[in-house]
Every structure is written in structure tokens, then in C-alpha cells.
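Undergrad:
Protein chains: 2
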Amino acid sequence: MIKIAVDAMGGDYAPKEQVLGAMRAVKEIDDIEIILYGKETEINKFLKPNKRIKIVNADYIIPMDEKNPIGAIRRHKDASMVMALDSVATKENDAIVSSGATQALIAGAHIIIKRMKGFKRTAIAPVIPTIDGGQAILLDTGANLQIKPEHMLQQAYFATIYANKILGIKNPRVGLINIGTEKGKGRELDQEVFELFANTDLFEFSGNIEPKTILEPNCDILISDGFTANIVMKTIEGTAKGMGKLLKKNLMSSFSGKIAGLLAKKNLQNFKKQMSAEEIGGAVIYGLQKPVIKAQGASKSYGFFNGIRQAANIVRNQVFETVENYIKEESSDKDD
Amino acid sequence: MIKIAVDAMGGDYAPKEQVLGAMRAVKEIDDIEIILYGKETEINKFLKPNKRIKIVNADYIIPMDEKNPIGAIRRHKDASMVMALDSVATKENDAIVSSGATQALIAGAHIIIKRMKGFKRTAIAPVIPTIDGGQAILLDTGANLQIKPEHMLQQAYFATIYANKILGIKNPRVGLINIGTEKGKGRELDQEVFELFANTDLFEFSGNIEPKTILEPNCDILISDGFTANIVMKTIEGTAKGMGKLLKKNLMSSFSGKIAGLLAKKNLQNFKKQMSAEEIGGAVIYGLQKPVIKAQGASKSYGFFNGIRQAANIVRNQVFETVENYIKEESSDKDD
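Listed in order, the protein sequences are those of chains A and B.
Following my numbering, the residues of the first sequence are numbered contiguously, the last one being 336.
Following my numbering, the residues of the second sequence are numbered contiguously, the last one being 1336.
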């Protein structure tokens, strides 16, 4: 059995949506057990008894706007997030899903679960939908504002393993987010990464990707530093949200538009669903000793269900072990 | 009369769309004359004789994929772009509109028209549509990949003058594009810019703007370094394009969706128009001695018409003179 720890108290709709997501997950996925960390009385309001869902009571909730995430992790041993992280560090559980405060989760993951030995810079890597119905991995969306090319190489390699084992992509291609497609474009960092990636045999490099094609990129993995990729992610989100509102406003501005909106209700819902982060589940944090999945704060039960499914897939397919073995070999090569 | 030089040969649909745009401009704007630079025989295929449109023959066209833009500008005195730039440098004309190769236009502008004295780093500043039907200035979308806070202050100040005099915004507010709204977010550059902007009395500072709200920002001017703002611009473009395709695909996937698409045709066209760069005209290059407008390579006649209108507005409202006077005062203050 794969054992998934769920921080039931983080995010905007806790613990209801976490509990509903967990119930759906055990129903649809046979080889998992879920342990919910949080206020037992609160959780029990929504949980229908199930042999494969347990509750571990946790009294404290780290607030979403926690100003001192490292301090909060160290001080609050009774926080749902800390207890869930602890359970993975001690190998009681195999992976954790949380929609709690991002900075606290990253800090907690580093302090409690710890970095994979030899992996220099962890990365947050959400999967974004592409317009052909596929998916692309975007990283690093926030862990490292400044970074060296060789650390981006490790992150990109991790992403190719993930893309291969979890997304089922045979030869995942990596593209560098840049302001132009030609070689030599961008900042010094981008030029150095281009050189390094062009000469690696760890994966196929698609060259520079201009964000003009961000939803139909000629690659499976989109990489940049933690500042740029975060800006890209949020710009996609902002543009999608803004366009959705504009479309609605336009349709509502005329009678025929309103009728059209009703007629196309299902199409428009599909459209919205395809652009939704819920569909994916959450962002994996690369480079830790165990899988940590960050679900969006606004995730509903479907988002948690997908986050849990994603965590189970990672454990089942030994994604972290594969990367760890490569990193070990690489380090021992260097020791020779 | 305001005299606008138009490089008739750059861009994807030259010279037809430039000529059609110019004809519309003289028809709708009374106080302008247009001088088209390019191949006379080609231009004459589309031009209906008009007293306020002249042609100056130019034999060479700088290619859109020119690898050595500085060399091309220096070597090809007979290029349409170079001749049009020359005419503005010698004060024969008041402003130039070109949809030629961006890097060549920037290089040419620096070499021929030259920087405004005391203005340290020119910026490319397109205007993006906001979902409330308004506009926001985005900069710098490409001139300076690396930049100092004090140069961003000059650029932001230029943008506020432009927003005030051309867009008619009373007290333009400046927002810093960043990965979070709180003070202290972002890279060292972002933190330094935040401090500088928070303490200036040149304009109102709205603080950090997360691109989650990029199409409905709580400010009129969005600023970042030349790499980041370019990435933001292209991500908006890519997301808008991708979503448009996805919406179409979704509507076409069912009969009721198709009918809805027909019923809402006008609404959807409005929607598309609101997101279109053509509606704006082009990006102004800030910090040169004269107005240079970069129209998109894919601009059609409407885009050129708007670019010409924009150039005329800048000249009529003495935007460049206002900034120049401020910069002069600032420099003389420092000399004391």
C-alpha cells in the first residue's frame, strides 16, 4: 500500500475539500491509504468512515499569510503541515500533499524532509495544459530566484524523469524560456544554460522557447530561473482569467451573445476546465528526499483528488529513486 | 503641420498595409503630412495620390532577420529605415513609424536619432489592453536586459508623462511587476526599485503587481527589466492566442457550439479586437531625442493608422520635450 499524508488544514476550503478529495481518491485508486492530519472534530464533520482513511489529530494550523515560515515550522510541532511532513521524513508515509502556505511548505520540506543528497537547488514544478490537450512541465516557479546553469541542468533532468514516468512521454524535450528563439538570445544566464543544455546527453534540448508559444510549445518541459518561471505562470493565469471575464462581458452585452452563451454552456465549461489548475492537481517539489506536492490554496476536492493521484503515481513509479540514483552516480564519478 | 516619416518597407505586409494605413491617417487626422520611405514603384501600386502623402524613394530593405543590425544601419544609407530615421534626425520630419526589424530599429534610433541627453537607458513601451476597456503601459519590453534602479525611475517617469499627455490619465500610477505583492518580494533589483519608487515624488507608486492581475492591474504603468517585461508581453500574447484557439476548438466540437459561435460572431470579433495589438498601434521607444514608434511586424493597415495617430499625438502634446526639460533640470541640479 502506498501511504499518502494529506495536510487537511491548509488552503482556502479546509478541511472540507481535502476530506472530499481523499474520499474520492481511495474510491478510485486501489493501492493507496490516506492519513489526514488536522483537527479531528473538524475533519469528522465531512468524513464518511473508510478503512483506508485515517485521521491523526493536529491542533495548530500555519496561517496562509505566515510572515516567518521557518520560525513557524520550527515552533509548531503540532501543526498539521509539520506533523504530515514529519510522518514522511520518518518513512511512516510515502508522500505528502498540502495546500498550505507555499513558503512554509518549502521551508518545512527543507528542514524536515531534507534535500536529496547532491541535488543542489530544489524546484517547484507545476504542469500546465497545452492547447493540443497535452501537458507541459513549467519550472522553477518559485524556489530559487537566482540560480546557476548546472543546477538548472539537474532540475531539467528531474523533469524529464517525471515527464517520462508520470506523464508517459517517451523522449521528453526541454526548452529554455527566452525572449527570442535564436541562440545567443537573453541574459548571460540564458546563454550559459543554452550552451550547457545543447551539449548534454541527459535529454533532448529544443533550444529557446519564446512565450508567444507558451501554450503550444515545441517541447515538454519549459525551464527558467525561479523569478522568470513564476512570472510566466502568473501571467498565464492572469491572462486566462482576464480573457475569461472579457469573453463573458462580451457575450452578455447582446441578446444573441447571451443565447450563444447558453447554447455553448458545455463547450465553455470544457474550455474553462482545460485551463484549470485543478485538472492537474498540484506542483511537485523536485530535489527533496521524498515527494512533496503543493496543491493550490484555492483547490477544491477535485484538485486534491488529482494531487493525491499524482503523489501515488510518483511513489509507484519510483521517480525520486531514479533521480537519486543518477545523482549518486554523478557524484561518485566526480569522486574518482 | 506635423510631419510623420513612415518606413514603408518593413514588416510582413509591406508596403501595402503601410500605404493603406497612411491613406486612412491623412483622411482622419487633419494636421499631419506623411512621407513614405521605400520603393516608389511598389508604393505607387497601392497609393492614391494625396497632397499630404509624399514618397521618398529608398532602394534597400533591411531584412527582418538581419543578424548584424548595427552593421546594417551603418552600411545601408539607402535603406528605407535608415532614410526615414535620418529625416527625423535632421528635423525634416517630426517622428517615425516603422515595423521593420526591432533590433535594427533600436540600433538605428541610437546611432542616428540618438539618446535624449541625460536619459541613460531607452525603453520599449507598448500599451496593453486591460479588461475594463482601459490601457496600461508595459515596459521595458526589450531594450535593456540588465538595468539599474535609477534608470528604471527615469523610464517610469517618462511613462507617466506619456500616460498623462497621450492616454489622458490624470495621476498615472506605476506598479512594479513582481512575484508577490508584499514589500521585500523578488530579486535584489526588485527590492531596490521598490525602495526607490516608494520614496520618489515624481509619481504615485502602487507597489508590487503580481501578473495574476496583469489584465486588470491596480495601476496604469507596469514596469520591470527588459528581460522580464518582454517575457510578460510574450506570455500574454501566447496565452491569448492559445486560448482563442482552444475556445474555437471547443465551440467547433459540438453542433450547439457551432450555432453559438455563429450567433456570437460579433461578440467574439469584439473580444478578439480588444485583445489585439493593432488597436494600440505600436510601442514607443522612450528616451530618444525624437519619437520612434515600433509597429508590430504583423501590423495591418489599421495598426499603421494607429501607429501614425500615436506619433502625431506625441508630437502634438510635446511629450518628449516635457521629459527632456525634466531631465535637464535634474542634471543641472546635480551640477550644483
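Glycine included, C-beta positions come from ideal geometry on N, C-alpha and C.
Just so it is clear, the structure is predicted and the values come from calculations on it, not from any experiment.
Does the beta carbon of LEU1176/B come closer than 7 Å to any beta carbon on chain A?
TA: For the purposes of this step, residue 1176/B is taken as residue 176 along the second sequence, with counting starting at 1. Taking Cβ atoms only, chain A never reaches closer than 7 Å to LEU1176/B, which makes this a no.
Undergrad: Can you tell me where the beta strand (DSSP E) with ARG173/A in it begins and where it stops?
TA: In the first sequence, counting from the first residue as 1, residue 173/A sits at position 173. Its beta strand (DSSP E) spans residues 173 to 177.
Undergrad: Could you tell me which chain A residues have their CB closer than 7 Å to the CB of VAL1232/B, listed as they occur along the chain?
TA: Counting from 1 along the second sequence, the entry for residue 1232/B is found at position 232. Neighbours of VAL1232/B on chain A, chain order: ILE231, THR235.
Undergrad: Where DSSP assigns a beta bridge to ILE1221/B, which residues make up the other side?
TA: Residue mapping note: residue 1221/B aligns to position 221 of the second sequence, counting from 1. Answer is ILE1137/B, VAL1174/B, bridged to ILE1221/B.
Undergrad: Could you check whether ILE259/A and LEU1263/B sit closer than 7 Å to each other, using their CB atoms as the reference points?
TA: Residue numbering aside, residue 1263/B sits at position 263 when the second sequence is read from its first letter. Residue numbering aside, residue 259/A sits at position 259 when the first sequence is read from its first letter. Against a cut-off of 7 Å, the Cβ pair of ILE259/A and LEU1263/B comes out as a contact.
Undergrad: On the premise that PRO1015/B lies in contact with ILE1034/B, defined as a C-beta separation below 8 Å, what is that separation, rounded to the nearest angstrom?
TA: The residue you call residue 1034/B lines up with position 34 of the second sequence. The residue you call residue 1015/B lines up with position 15 of the second sequence. Rounded, the Cβ-Cβ distance is 13 Å, inconsistent with contact.
Undergrad: Just checking: is the beta-carbon of PRO1211/B within a distance shorter than 7 Å of some beta-carbon in chain A?
TA: As a first step, residue 1211/B is located in the second sequence; it is residue number 211 there, counting from the start. Closer than 7 Å to some Cβ of chain A, the Cβ of PRO1211/B qualifies, so yes.
Undergrad: Pick helix, strand or coil for THR1322/B, following the three-state DSSP scheme.
TA: As a working mapping, residue 1322/B is identified with position 322 in the second sequence. Three-state result, THR1322/B: helix.
Undergrad: Under 8 Å, with one C-beta from each stretch per pair, do the stretch 1153 to 1169 of chain B and the stretch 1241 to 1255 of chain B reach the 3-pair mark?
TA: no
Undergrad: So, is LYS1300/B buried or exposed, given that buried needs 16 or more other C-beta atoms within 10 angstroms?
TA: Within the second sequence, numbered from 1, the residue matching residue 1300/B stands at position 300. LYS1300/B should be labelled buried.
Undergrad: Which whole runs of the beta strand (DSSP E) in the stretch 1206 to 1275 of chain B are 3 residues long or more, in chain order?
TA: The DSSP assignment places 1221 to 1223 as complete runs of the beta strand (DSSP E) inside the stretch 1206 to 1275 of chain B, in order along the chain (cut-off: 3 residues).
Undergrad: Going by beta-carbon coordinates alone, are ILE96/A and ALA84/A separated by less than 7 Å?
TA: In the first sequence, the residue the question calls residue 96/A occupies position 96. In the first sequence, the residue the question calls residue 84/A occupies position 84. In contact: ILE96/A and ALA84/A (Cβ atoms closer than 7 Å).
Undergrad: Pull the bridge partners of VAL127/A from the DSSP assignment, please.
TA: Position 127 of the first sequence, counted from the first residue, corresponds to residue 127/A. VAL127/A pairs with ILE137/A.
Undergrad: Determine, for THR1228/B, whether the minimum Cβ-Cβ distance to residues of chain A falls below 7 Å.
TA: To locate residue 1228/B, count along the second sequence from 1; it is residue 228. So yes, THR1228/B belongs to the interface.
Undergrad: Could you give the DSSP three-state label for ASP1336/B: helix, strand or coil?
TA: One-based indexing of the second sequence puts residue 1336/B at position 336. With a pLDDT of 44 at ASP1336/B, under the threshold of 50, the modelled position of that residue is not reliable, and no figure is offered here.
Undergrad: According to DSSP, simplified to helix, strand and coil, what is ILE1029/B?
TA: Start at 1 with the first residue of the second sequence, and residue 1029/B comes out as number 29. In this structure, ILE1029/B counts as coil in the three-state DSSP scheme.
Undergrad: Determine the direct distance from the alpha carbon of ASN1270/B to that of PRO291/A, and round the result to whole angstroms.
TA: Here residue 291/A refers to the residue found at position 291 when the first sequence is read from its first residue. Here residue 1270/B refers to the residue found at position 270 when the second sequence is read from its first residue. Going by the C-alpha atoms only, they are around 46 Å apart.
Undergrad: Output, in chain order, the set of chain A residues within a Cβ distance shorter than 9 Å of LEU1222/B.
TA: Mapped onto the second sequence, residue 1222/B falls at position 222. What LEU1222/B touches in chain A: nothing, since even the nearest Cβ is about 11 Å away.
Undergrad: Check each candidate in ILE161/A, LYS120/A, PRO69/A and name the one with the smallest Cα separation from GLN146/A.
TA: Taking the first residue of the first sequence as 1, we reach residue 146/A at position 146. Selected option, being the one with the closest Cα: LYS120/A.
Undergrad: If you draw a straight line from the alpha carbon of ASP336/A to that of SER206/A, how long is it in whole angstroms?
TA: Residue 336/A sits at position 336 when you count from the first residue of the first sequence. Residue 206/A sits at position 206 when you count from the first residue of the first sequence. Per-residue confidence for ASP336/A stands at a pLDDT of 45, beneath the threshold of 50, marking its modelled position as unreliable; the derived number appears in the next sentence. Between the C-alpha atoms of ASP336/A and SER206/A there is a straight-line separation of about 32 Å.
Undergrad: Have a look at MET77/A and GLN289/A and give me their C-alpha separation to the nearest angstrom.
TA: By 1-based counting over the first sequence, the position of residue 77/A is 77. By 1-based counting over the first sequence, the position of residue 289/A is 289. Per the sequence shown, residue 77/A should be read as Lys rather than Met. Between LYS77/A and GLN289/A, the C-alpha separation is close to 20 Å.
Undergrad: With the cut-off set at 7 Å, would you say ILE1308/B and ILE1004/B are in Cβ contact?
TA: Position 308 of the second sequence, counting from 1, holds the residue named residue 1308/B. Position 4 of the second sequence, counting from 1, holds the residue named residue 1004/B. Yes, these two residues count as a Cβ contact at 7 Å.
Undergrad: In chain A, which residues lie with their C-beta within 8 Å of the C-beta of ALA1240/B?
TA: Within the second sequence, residue 1240/B is the residue found at index 240, counting from 1. Those are THR239, MET243, listed as they occur along chain A.
Undergrad: Quick check on DSSP: helix, strand or coil for ALA1034/B?
TA: The residue given as residue 1034/B occupies position 34 in the second sequence. One detail in the question is off: residue 1034/B reads as Ile in this sequence, not Ala. ILE1034/B falls in the strand class under three-state DSSP.
Undergrad: What is the residue span of the alpha helix (DSSP H) that LYS1165/B lies within?
TA: Reading the second sequence from its first residue, position 165 is the one you call residue 1165/B. Here the alpha helix (DSSP H) through LYS1165/B covers 1149 to 1165.
Undergrad: Between GLU204/A and chain B, is the shortest Cβ-Cβ distance under 7 Å, so that the two count as touching?
TA: Working through the first sequence from its first residue, we reach residue 204/A at position 204. Answer no: the Cβ-Cβ gap between GLU204/A and chain B never drops below 7 Å.
Undergrad: Please return the same chain residues whose Cβ sits closer than 7 Å to the Cβ of ILE29/A, not counting the five positions on each side in sequence.
TA: Counted from its first residue, the first sequence places residue 29/A at position 29. Excluding residues within five positions, the ones whose Cβ falls inside 7 Å are ARG309, ALA312.
Undergrad: 7 Å is my cut-off, CB to CB: does ASN1208/B come that close to chain A?
TA: The residue labelled residue 1208/B in the question sits at position 208 within the second sequence. For ASN1208/B, the answer is no, since every Cβ of chain A falls outside 7 Å of its Cβ.
Undergrad: Give me the chain B residues within the contact set of GLN344/A, using Cβ-Cβ distance strictly less than 7 Å, ordered along the chain.
TA: Only positions 1 to 336 of chain A appear in this structure, which leaves residue 344/A out of reach.
Undergrad: Between which two residues does the beta strand (DSSP E) harbouring TYR286/A extend?
TA: Here residue 286/A refers to the residue found at position 286 when the first sequence is read from its first residue. Residues 282 to 286.
Undergrad: Nearest to TYR1162/B by CA position, among PRO1069/B, GLU1182/B, ILE1137/B, is which residue?
TA: Here residue 1162/B corresponds to residue number 162 of the second sequence, with the count starting at 1. Taking only the C-alpha atoms, the option nearest TYR1162/B is ILE1137/B.
Undergrad: How about MET9/A and ILE61/A: are their beta carbons less than 7 Å apart?
TA: Looking up residue 9/A in the first sequence gives position 9. Looking up residue 61/A in the first sequence gives position 61. A contact, by the Cβ cut-off of 7 Å.
Undergrad: Is the beta carbon of ILE314/A closer than 7 Å to that of ALA109/A?
TA: Here residue 109/A corresponds to residue number 109 of the first sequence, with the count starting at 1. Here residue 314/A corresponds to residue number 314 of the first sequence, with the count starting at 1. No, the Cβ-Cβ distance between ALA109/A and ILE314/A is not below 7 Å.
Undergrad: By the 10 Å Cβ neighbour count, where 16 or more other Cβ atoms means buried, how is LYS1272/B classified, buried or exposed?
TA: One-based indexing of the second sequence puts residue 1272/B at position 272. It is exposed - the Cβ of LYS1272/B has fewer than 16 other Cβ atoms within 10 Å.
Undergrad: Check whether the Cβ of ARG1173/B lies closer than 7 Å to any Cβ atom in chain A.
TA: In the second sequence, counting from the first residue as 1, residue 1173/B sits at position 173. Chain A, which has no Cβ nearer than 7 Å to the Cβ of ARG1173/B, makes this no.
Undergrad: For ASP1220/B, count neighbouring Cβ atoms within 10 angstroms of its own Cβ and tell me buried if that reaches 16, exposed if not.
TA: In the second sequence, residue 1220/B corresponds to position 220, counting from 1. Per the 10 Å Cβ criterion, buried.
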